[in-house]
Structure formats: structure tokens, C-alpha cells
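Written below as C-alpha cells is the structure these notes are about.
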Amino acid sequence: MVMKTVTYNISRVSCGHCKMNIEREVGKLPGVDSVTVDVAAKMAIIKYDSPATKTEIETLLIEIGYPPEN
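See the structure below:
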């Protein structure tokens, strides 16, 4: 499979704890290669491959309290 990259705007990202929480939780998903959160830009960049899906990542972000806005 080909590695996919998705970028999300997440306005609820406000501190290092938010960054750590998103990177840790999303990083646990099978197939997620990397998670990079930019607190200043309020953005998350996620690289993933199968079996992870965009829908699964978005659902998890909502569940942990950081809903994506795009």
C-alpha cells in the first residue's frame, strides 16, 4: 500500500498536553506511521497506511476530545 498523509485543523489544541495526548492516542492505531501536532498552528499531520483509515482516525480524534474541523 501507499502511505497516505492527512492534515487536520484542530482548534482545541492549545498546549503541550494536547499535543502529547493526540500523538500518543492516534499513534496507537495499527497502520499509523507518524503523528505530528503543531500547537501554534492548531494542526495535526498524520501519516498512515492500511489497516488504519481516515474515518477511524477522525472518529478517534472526536472520542478523545479533539474533533477535526476539515
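Heads up: the sequence shown begins at -17 in the numbering used here, then just goes up one per residue.
Think of the CB as a built atom: it goes at the ideal place given N, C-alpha and C, for glycine as much as any other residue.
These figures come from a predicted structure and were not determined experimentally.
Nearest residue (CA-CA) to residue i, options the options
i: residue 23; options: 37, -14, -3; result: -3
i: residue 51; options: -9, -13, -14; result: -9
i: residue 21; options: 37, 47, -7, 30; result: -7
i: residue -12; options: 0, 18, 46; result: 18
Assigned exposure category for residue i - 16 Cβ within 10 Å defines buried
i: residue 4; result: buried
Rounded C-alpha distance that separates residue i from residue j
i: residue -5; j: residue 32; result: 26 Å
i: residue 15; j: residue 9; result: 7 Å
Residues sharing a beta bridge with residue i, DSSP
i: residue -9; result: 25
i: residue 20; result: 25
Contact with chain B by residue i, beta-carbon distance below 7 Å
i: residue 45; result: Annotation note: the requested chain B is absent from the structure, which comprises a single protein chain.
Same chain, Cβ closer than 7 Å to residue i, neighbours up to 5 away in sequence not counted
i: residue 42; result: 7, 8, 11
Any non-hydrogen atom of the ligand COA within 6 Å of residue i CB
i: residue 9; result: Questions concerning the ligand COA fall outside what the structure shown contains, since it holds no ligand whatsoever.
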